[in-house]
Every structure is written in C-alpha cells, then in structure tokens.
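This report refers to the structure that appears directly beneath it.
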Amino acid sequence: MNCLSINIRGIGGYGKASWIKKLKVDNGISFIGMQETMSSNILPGLVSAYWGGMGFDFDFVESIGNSGGILSVWDPKVFVKDKVTKDVNFLHVSGMIMAGNARVNVLNVYAPQDKGEKRLLWSKIDSLIGSNEGWWILFGDFNAVRDREERKNSKFDKTCASDFNSFIDRVGLHEYSQKGFRYTYMSCRKGRYTWSRIDRFLVCEGVFNRWPNAYVRVLNRNLSDHSPLVFSIVDTNFGPKPFRMFDSWLDRPGSSELINSVLESWVEHGPADINLLRKLAYLRSRLRDWFKDTSTAEKLEEITLRTEKEELDRMMETKDLEESDVWIWSECKVALESIELHKARDLRQKSRVKWTSLGDENSNFFHSVVNGRKAQNSIPGVLIDGAWVTKPSLVKREVFQFYRSLFKEHHTCRPKLLCSGIKKLDDEDRVSLVETFSRQEIKEAVFECGSNKAPGPDGFNFRFVKRFWRFFEEDFFNIMKEFHDKGVINQGCGSSFITLIPKVKSPMGLKDYRPITLIGMISKVISKILANRIKRVMGKIISEAQSAFLSDRFILDGPLMVNEILAWLNKRKKKAFLLKIDFEKAYDNVNWNFLLSIMSQMGFPQRWCDWIKGICVSSRAAVLVNGSPTFEFQCEKGLRQGDPLSPFLFLIVMEALSSILDKARDLEIFKGISLSSNEVNLNHLLYADDALIMGEWTYENIMSIARILRIFYLCSGLRFNLHKSNIYGVCTENGEVDDTLDYLGCKRGSFPFTYLGIQVGAKMTRIKSWDSVVDTIRNRLASWKVRHLSIGGRLILLKSVLESLPVYYLSLYKAPIAVLDSMETIMRRFLWAGPSLENKISWVAWDTVTTPMSKGGLGLSKIQEVNNALLLKWTWRFKKEGNSLWKKIILGCHGSSRPWSLLPCNASSSGCWKFIVKVGENKLPNGRSLNSFFVGTLGDGKCINFWGDNWLLVDPLRITYPNLFKLEKNKWAKVSDRINNLDGNKILTWEWRVEPHTHEQVSELFDLLQHLFDSVSHGGQDRWKWTKEKDGQFTVSSAKRLMSSNYVGDGSLGIKWKGWVPLKCKVLAWRIARNRIPTIAELLKRGVPFQQTDCRLCQGGLETTLHLFTGCSYSQEVWARVERWCNISHNLLFDIPDIFKIAESQALPKEPKHVLRGIIYTTIWMLWNERNERVFNDKKRQPIQLVENIKATAYFWIRNRSRWKSIDWKTWCNVPLD
C-alpha cells in the first residue's frame, strides 16, 4: 500500500486536483493524506477530482475557519476501513490491508505550532497507539524537526525537538531514510528563504521489519510550499544476490567434512591465483547445494519440534508431566535453541554489530539492525532524465553507467609534476620493500585481516580462511611467489564489489553515496602484505603536516593545532585565512600514472612500482544495488576504499600537494602563519583527503593557493569541490571574505566550524557547544534497543558508547559538569529503562554502578574521569614526543609563558590547551597531583627541565625549593645545564641572581645537593615514565584506575564476573545481592501499590528478595533438585550471600566448580523468569519442569559460550560436573 502525504494549503486551489491525481497515478498510490485543507465540508465530487474516478473511500476532519482541516482518501480494494477516530489535529483510520490480511492503523497528522499544544498532541497519539491493536503508519505535517540539520536559515527549537524525539522513542516509531530533497517545507519572509523538514512518515517496528526496503521520497514542490511525500512499500526484486558463506555453517553437521573433502581432493593447475579462484568457485557450488538441503531439512525439523513442544506446553498447563515427557520437552527445547542460535549468528554477522556478545541479545535486536541498515542503504530508484525510475533493470543500468564513467580516466595525458623537495627512501628501505615474501610474512598478513569483514566476490571471509589455513597456505605462498616475479594479478582475480553507503541523511542522487570496495581474498592478501611493508617506511617520507594512518600521529593533532592557532591569531588581532578543502571523490579520481610518478620521485624501487601498477590495472568492479551486482567494468583510475593498501598510496598522492605547498612557502610565493616565538611557519594541515590551508590574509596569497590547487588537479586528477569547500577569515570583515569568493568559487564559512568531525573555534565551556555530542549519545541509545536488549546487553552497549563518539570530543575538550550530567542521565535511563513501570526505577545509585566490579559496581566509568584521563594523555605525549608538529605549535603559542612548568601554558589564551594543562594539576584525595605521576628518568639531561619537571623528587624542584628557585636566573634550565659528569664526578653549575645566603636558602641548597649527589643517570637519552604502570607506559585505563582508586565500595558481593553464563545473569545476581530487584516488598517501598503482596511462587508470605530465593518452598524444591542433579551436598540458605557460596563451599576441582557456578547463576535467572511469567503472563511451571528448563538453558549456554563445546546432552543431564 503506497501512501502520499501533502500539506495542500487549501483544497480548493486551481490546478491542485490534477497535480495530486497525476502523482497518484505515477506512484501507484493507494492512500492519500492531505493536511490543511482549509475546508469545513468536503464532498465526494471534490475528492473524486483529486482521486480520479469514484473507486475510493474517504473521511475528513473539518477545518476551524480557514485553519487546519485533514482529509484521508484510500482505495477500498487495497485497504478496508472498520474504525475512524477524529481529533482537530489528526485523523485515525484503522482497517485491514487485503493483500497481507494485516491490521494497519493510518494516522494523518496536522500538528499545531504551539509547543504546549504539540506536547498534548504527542500524549494523545501515545494513548491512541496504546489502545489500538495492529501496525501503525503515521504521516503528515508534524510542525517539528528532530535535529538542527533539519532546519536551514530558520530557528531551531531544542526543547521542541527533544519533545518530538522523546515521543518517537517512547512510542517505538521508526523512520525510513528519506530520498530526494532534504527539506519538505520552504518559505520566504522579508526576502529570506528558510527550509525545514517538518513533514515525514513514521512507522511502527512491525511495518519497519515487514518492509525494510520501503522508502520515503520527497517530490518537487509545485502548488504548495510543502513537498509531497511518497511512502512506497512495494517489494522489488533487483536480481540474484551473490553467494556468501556464514560462520554458523561451520557448526552444522557435515559442513567441515564437505569442505575438507573438496579441498583435499582438489587438483592444482594453471597460475596460482587462477587455481585458487577455481578452487573457491567449485567449493561455492558444493556448499550452496549442501546448505540448500540442510536448511530445508532444518525447517522441517523445526516445525516438528515446535509442534511437539507446544503440545507438551499445553499439557503442562493442566497436569504434571511424566518424567519421559519432561525429558522429551527438554530435548525439544535444546534442539530449538540450537536452531535459533544459528539464525541469531547469521543475523549478528549480517548486522556487523561489533560490541555484542552472542547469547546476551536476541534475534530481534539483530533483525532490527539489519533492517535498519537495509532501509538506510537501499536505492529504490534513480532520476533518469528528470523522471523517477524504479524498474530494477533500468536502475542497475544507470548505476552501472555512472560508476563505469566515474572510474574511467577521461584525460589520458596529464602534465607531470616534479616535486624537488619531496622526501626520499634510503637504500635500506628500498631493499626491504622488495624482499622475497616469506611464509611467516604471508601468514601474519592473512591472520591480521578482520575475520568478520564482509567478503568480496569469492563469498568467503577470513574466519573461514584462518580455520582451513592448512589447505590455503601453499596457495597463497605460490601466489605471492608469482606476484613477486611478475607483478601481475591475472584476470578475474582482481574483481571486487562496490557497496554504496549514503554520505548524507537524504541522498538526492548517486553522487551522494560513498563507494566502498569489497575485494576478493586474493587481492586482499596481496594488498595487506604490501601495506604491512610500506607502513614501516611511511613515517620517513610523509611530512609532519599529514596526520592520517601513521602510528605515531593522532587525528586530533590537527583540531588541537587549529584551535590554538585561532586563539593566537585572535589574541594578536592578526588577519589570516583558513581554506577548508573538499576534494571531489578524492580516492576515486587518483590518476595512476601520477601516483607511480610520485613514488618514483620518492625513490621506490621499480619492482615495487610495477607491483602497484599490477594491482591497479587488475581492478575490476561490479556495483551492488540492493544486494544484487551489476555487470562488471574495468577501472582505469582511483584507489579502492576498502583495500588495506589504498590509504598509504593516497598519502603518497597527498604528499605531492604538501611538497608543492612547502615549496611555494620557501619561494615566498605563498606565506603561511608564522609563530614568531619559535619560527614555526604553518601553511597547511592534512588528514588523508581533508586539507586545511592557512596563511596571511592577502589577495596575492589567496590567488597563489588557487593556482596551486589548479596545478595539482591537472596533474593528479583530484578536483577541488567548490560547493563543499569553505574559506574562513580570521580578524577580517565579511565583505573582505566575500571579495575572494568570485575567484575561488567556494563558500564563506563562519566560526565555529567542523574539522575532522569535531568543532574548532568554538567556546567549549558553553553547554550549547556540546549539543551534537549529547544528541548523538541519545540516538545511539535509542529506546527501540531497550526492547530487544537485556540489561546485560544494555550494559555492553553503554560501555561501547563510552568508548566511541564522546571519547573523540572528550579527548580534546574539557566538558562542562552540566554536559557530563546530561550524558550520564541518558545512560542511566537507558540502563534501567524497560517496558514496565518497575524497570523505569533507577534501582542502584549511579555512583555504585560506576564503581569497579571488584569493589561492588558494574564497572562503568564516570565520564568525568574518562574526560580527565583522555586529556592527561596530551601531557604524556608532550613529554615523550621529540619534535612533532603539534608540539611546535603549542610551544609557539604558549612557549613564552611559564616555560619552567611541566607544560607551557598561556592562561590568557582562549584555546583548549589551557584546560588540558589544568587537568594535570588536579589533586587526588591524598594530595598528589596527576602530573606527579609523570617522572623523568635521567639520561643525558638535555630534555628534562631542572626546576619544572618531576625527575628527582615527587614534586618539581621549583615546588620543593621555592627560595632557591627565586634566585635562579635561567628558570627553564635543563638538567644538563646544571649537572655535568667529568671523569665520573658530578660537576654542578649554578646561575644565581645572588648567592644563597639566608638560612632558608642555605638549608634548601644543602638538602638539594644531597639529593643531586645521590641521583643516578642511566645514560643515553632522557626518558619519561608513568609510575602507575610497571612498564612505565601511560594508558588511559591506568589513569582512570588511578582516579577511581579512592572508591571504597563493598567488595565484589561474591559475584564472579568471569564465566560462561550471559552477562544478564550476572547482573541479575549482582542486583539480588544488593536487594535491588522489583519484588513486591521493594516496589511498596517506592510507592507502587499492590493488592496481592504474597509470594507469586508459593503464595506464602510477603514477596521479598530473601524469601523469593531462599525461604520460598518452591525455590527450595528447585535448589534441592539442582543439588541432586549436580550431585553436591545440601546447602542451607539462610541469606542471599549463601547462594553465592554454594560453589565455593564444594570440594571440587577448579573446572567443575566453574561449571557449578554457572549453573547457580542460571538457576537464579530461571527462578526470576518463572516469577515474572506468573506475574505478567499467568503461566506456571512445576519445580521439576523448571529444573529441566534450567538444564536445557545451561546446556545451551555452556555449549555455545565456553570451551566445553563437546559435552553431549545425555552426559550433561546425568553428570554435569564430571
């Protein structure tokens, strides 16, 4: 059922009926929703004019005067109405979709402008959805946006957006990726155009999962200031999808035997790469047939098992089962869980969710992630000659032609660029690059490849290769041997798939997709081996302005430098410019001859250049369109994104730009920004293809850059994307900047701006500056995930979120306390959120949750400690790194102020560095500063400040001996300036303003001399160490542990966090140990009323945590049966801690005790589940049935979550601890 939504702005306007009627026909519409009809009475004749004929049904909401009015029209052959609900702001039509026999509620919305009225509307819709069964499709004019990006030139109301997002999350609605135009509404007021995305479609999870390939398309505005929106749910077949082997296949009976048989019997023939290609093709055909037979048999088995188990479930409801029936029920459950495990593993692999731990989440979560990715990445149609085309063959043809043209070199002869000052390899590096490939080198490269990365055309990932390495080792050795000699990859072995990832939220065309290449294993291994070789020498040939892909450089070096330079310029009121360049499809446009020329100028051996050429010319690709490949085409230019070698080759290309920019600076053709204090002259920063050029504000300077970029384009093929590039004027007027736009053709940017994904030039002490970070955390912790994740899964996701997006910002900026509180509030609500009332209570204080597990918490980090630890890393880098560019910039901007301190810092600077410096000055409860744990180890004394660094005592000497420090002339003296060794004797040299003469001065000098003569030099260069690690190396985790070491806590509560049961079971045990589960007694304490307060398991006594797990007759019988099953002595359970001592009290070896501990956690989990089944679903099981469930569940977990995978079901049921 395709739907059309349009704010018509008056149903009686001229030409609107024919416009809508044409849209209906062109898009196969079955349901039309109009808002703002401005009509109090709509007659069938008028509706007929819009629909085109009489085969329709309709209903409407009257307008109030000329305000509002809603109309819904539908095809009764597609959708049959049986209920209508009306409100001044919505029209609800409920009925059945005939094709799928599914109940669907269609809600046509026209929201008011007032924020309070909108909140009331969201509440009404929430209640409406809660009181009606079936799927939901909501559309219309919501008069609200979800984030800042959905408005342009118009005011963004954060509160209104937050209310709208909360409503969407609370109700559990999803939104498809929007195709076509980015905005749905345009207005012009006083000559100023504004755009917003206030019209949309929202659907429930059932619709989203049923039609993951559906899409919403924004059409051209015609006779309204709102765009029509089309929601299309027509399933379209884009053709067969390529073979892909899933990891779960290897756990199915017969798969390994089949693979071993095929690989062992294969007879090698032809070139090595062609031979492996043929071997894999034959294996694919055999596996495809095998899986078809296996999956068919598995489906039949699943039907039989479910039927048998359901029959026994029904019997359980009326009588106790015989022991033989219980046994059958258990076997059915184990077999069904095994089948579900295979499905979950396949979905997990498709979802590519990296943070999950299998068994702690269910298939629904992975299913939702997979469908979300489908919806986001789908290409339902394309514009061809101005017409929207959805026919698969035409769409695939258009995609094929677009990308074949993109990777075709249209300029066969480009001028050669000579880079006279470019860095060159030395002879040793040249020889090492082209050495013979050893077996060990090949194996290391293969095993470094990600096991779960999406495969290329061969259909096999590297988990498969590693598992059957004994069959492939000789193949890859022969391939590399032939490649070393000939530098050729034979036809077909360089084939790849291109998968398209949207670069923007609402892609308007193919140019808005990023092509990511999935290369085959042969090309992948060759590239990986060469990448491992070249990265060893990259640091010697790539200039310090480039900070991408090199191990000793950090992505945030660039933003740090930009922030400090801007602060330095603004303080001195120096005029300058920053030109942020976007290269148009940079990787895809690299000219191969240019790359080879630059490599040759860098001194790469001819053999190496021939290898690179061989890889390039072998490149062939087919584009995956909704999972189905187009025809293959030959690539003539570009570097494949997804190839491990490409990043390093691209750095070489960009090094040519860096070289000519530096040459222009040296010839004074272009003047960068000079920091006079240390003679640093910076003219550009690079991070892969992100270029930021900066210099003095002069017309000649800017014109020189334009000419340089033009030359670089003509030689390399990398075009300057005018529409996405910005020039920023520092200490300049807007008019001055505008004068340069006509020549450069780019846009005028304003501060702050985003550089490498982070804001620069912003006042990060303002809460508003962190809105994007907080919003992203909120989106990552969306409420739909709560419904599919256990508390263990939510805990893992929280730790994953802490390690991702906010870390990027927190690594550079000190976050305000209010921002940290907002982040932790979102995280706390996510952890304790749930579908029922009691799960919305924060059951354990956040301070306890963020305590280390060893001290009774859940091990989440306090974000403030994470922030401080990340910022402290800059101190370590500043002391450890020799002469890096970012350090020169810091010294240039701050070096004239307090240079005798551990770090230079100009307190009047508006940059972020001064906040980084302050972190190290923070005191721990014992009075020591964080900086005091950075200690210099004396070598030659040339890098350690005598007075300002920690090297001799706990504190710097300037702190310990303040009176002597006042007398020092050279307060930034190095240790080598004060201590010299002559024939093994220490010679001290002083530079006093006046000789020490007072009692305090002489006393301090005497004490200092004692320490100096006791000090030991270790020879060589000075070194720095972090004293909280044995190896002396600073780590963020070590800094966090240091800051949390003052937590008192209450011990581990007897919980053993390592084990084979899912994390959700251990978290439940932790909550039980703290008496923080929603028993009736605990809910009563929190004001939740109950009529029935007795135990739901035994119907005797108040339901408390202690009673439920130890005093209840039901749970006592369960514990007794578990003890008999495990053949352990009886345990008297008087208190909750006694439960966690059961395993420890048994005289068992380590491994059986480990198994028993998991069984105890499983029993706790199943007892709590039984209680909840009785409360919420009125389902009951007898103790014997629950114990059989415990056996089956524990068996499933131990088989799939531990190393005891070979244990059989019969043994498990009889002697689980044997």
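Under numbering that gives the first Met the number 0, the first residue of the sequence shown carries the number 0, and numbering increases by one thereafter. Glycine included, C-beta positions come from ideal geometry on N, C-alpha and C. All values derive from a computational prediction rather than experimental measurement.
Using only the alpha-carbon positions, how far apart do residue i and residue j sit?
{"i": "R118", "j": "F141", "result": "11 Å"}
{"i": "F1005", "j": "E999", "result": "10 Å"}
{"i": "S450", "j": "M520", "result": "12 Å"}
{"i": "E864", "j": "L937", "result": "31 Å"}
{"i": "L650", "j": "H268", "result": "39 Å"}
{"i": "A832", "j": "P1136", "result": "27 Å"}
{"i": "E204", "j": "A620", "result": "36 Å"}
{"i": "S247", "j": "V105", "result": "40 Å"}
{"i": "F30", "j": "M185", "result": "25 Å"}
{"i": "L648", "j": "G613", "result": "14 Å"}
{"i": "G493", "j": "L276", "result": "10 Å"}
{"i": "G1018", "j": "H996", "result": "34 Å"}
{"i": "R344", "j": "P241", "result": "19 Å"}
{"i": "V87", "j": "L120", "result": "10 Å"}
{"i": "C615", "j": "I564", "result": "40 Å"}
{"i": "S122", "j": "R779", "result": "24 Å"}
{"i": "P646", "j": "S724", "result": "22 Å"}
{"i": "V381", "j": "L684", "result": "37 Å"}
On the DSSP bridge list, what partners appear for residue i?
{"i": "Q490", "result": "Bridge partners of Q490: none, in fact."}
{"i": "M33", "result": "I5, L70"}
{"i": "E967", "result": "W991"}
{"i": "A544", "result": "DSSP, once it has assigned bridges, lists no residue as partnering A544."}
{"i": "Q177", "result": "V215"}
{"i": "W134", "result": "V103"}
By Cβ distance below 7 Å, which residues in the same chain neighbour residue i in space, the five residues on each side in sequence not counted?
{"i": "P834", "result": "Confidence in P834 is poor, its pLDDT being 46 and thus under 50, which makes the residue's placement unreliable; the coordinate value appears in the next sentence. The residues are R786."}
{"i": "G1031", "result": "K1024, W1025"}
{"i": "N979", "result": "I986, T988"}
{"i": "F719", "result": "I580, F582, L708, Y712"}
{"i": "S975", "result": "D939, G940, K941"}
{"i": "R945", "result": "Sequence check: residue 945 is Phe here, not Arg. Counting only Cβ-Cβ distances below 7 Å, and skipping sequence neighbours, we find L956, A972, K973, V974, D976, R977."}
Can you list, in chain order, the residues of its chain with a C-beta nearer than 8 Å to that of residue i? Leave out the 5 residues immediately preceding and following it.
{"i": "N40", "result": "E61"}
{"i": "L952", "result": "T959, H1010"}
Helix, strand or coil for residue i, going by three-state DSSP, please let me know.
{"i": "T731", "result": "coil"}
{"i": "Y686", "result": "strand"}
{"i": "E864", "result": "helix"}
{"i": "A386", "result": "strand"}
{"i": "E563", "result": "helix"}
{"i": "V934", "result": "strand"}
{"i": "K189", "result": "coil"}
{"i": "W1059", "result": "coil"}
{"i": "M95", "result": "strand"}
{"i": "Q633", "result": "strand"}
{"i": "T516", "result": "strand"}
Tell me which same chain residues have a C-beta within less than 6 Å of the C-beta of residue i, skipping the five on either side of it?
{"i": "I1197", "result": "W1059, W1203"}
{"i": "I1189", "result": "T1161, T1162, M1165"}
{"i": "S909", "result": "A566"}
{"i": "Y727", "result": "L577, G748"}
{"i": "F632", "result": "R403"}
{"i": "L836", "result": "Bear in mind that the predicted position of L836 carries a pLDDT of just 38, short of 50, making it unreliable; the figure below should be weighed with that in mind. Closer than 6 Å at Cβ, skipping near neighbours: no residue."}
Okay, do the stretch 591–601 and the stretch 742–753 touch, 3+ Cβ pairs below 8 Å being the bar? No, because fewer than three Cβ pairs between the stretch 591–601 and the stretch 742–753 fall closer than 8 Å, the two stretches do not touch.
If we count Cβ pairs, one from each stretch, closer than 8 Å, do we get three or more for the stretch 519–533 versus the stretch 437–448? Output reads yes: the stretch 437–448 touches the stretch 519–533.
Could you check whether the stretch 475–491 touches the stretch 308–327, counting it as contact only if at least three pairs of C-beta atoms, one from each stretch, sit closer than 8 Å? The stretch 475–491 is not in contact with the stretch 308–327.
Taking one C-beta from the stretch 622–639 and one from the stretch 389–401 each time, how about it: are there three or more such pairs within less than 8 Å? These segments touch.
For the stretch 1069–1078 and the stretch 1123–1136, state whether three or more C-beta atom pairs, one from each stretch, are separated by less than 8 Å. Touching, yes, given that three or more Cβ pairs across the two stretches are closer than 8 Å.
Three Cβ pairs or more, each shorter than 8 Å: is that satisfied between the stretch 227–241 and the stretch 1171–1188? With the cut-off at 8 Å, the stretch 227–241 and the stretch 1171–1188 do not touch.
Contact between the stretch 179–196 and the stretch 145–160 is defined here as three or more beta-carbon pairs at a separation below 8 Å; is this criterion met? Result yes; three or more Cβ-Cβ pairs closer than 8 Å.
Using a Cβ distance threshold of 8 Å, determine whether the stretch 315–333 contacts the stretch 212–219, with at least three qualifying pairs required. The stretch 315–333 and the stretch 212–219 do not touch, with fewer than 3 CB-CB distances between them shorter than 8 Å.
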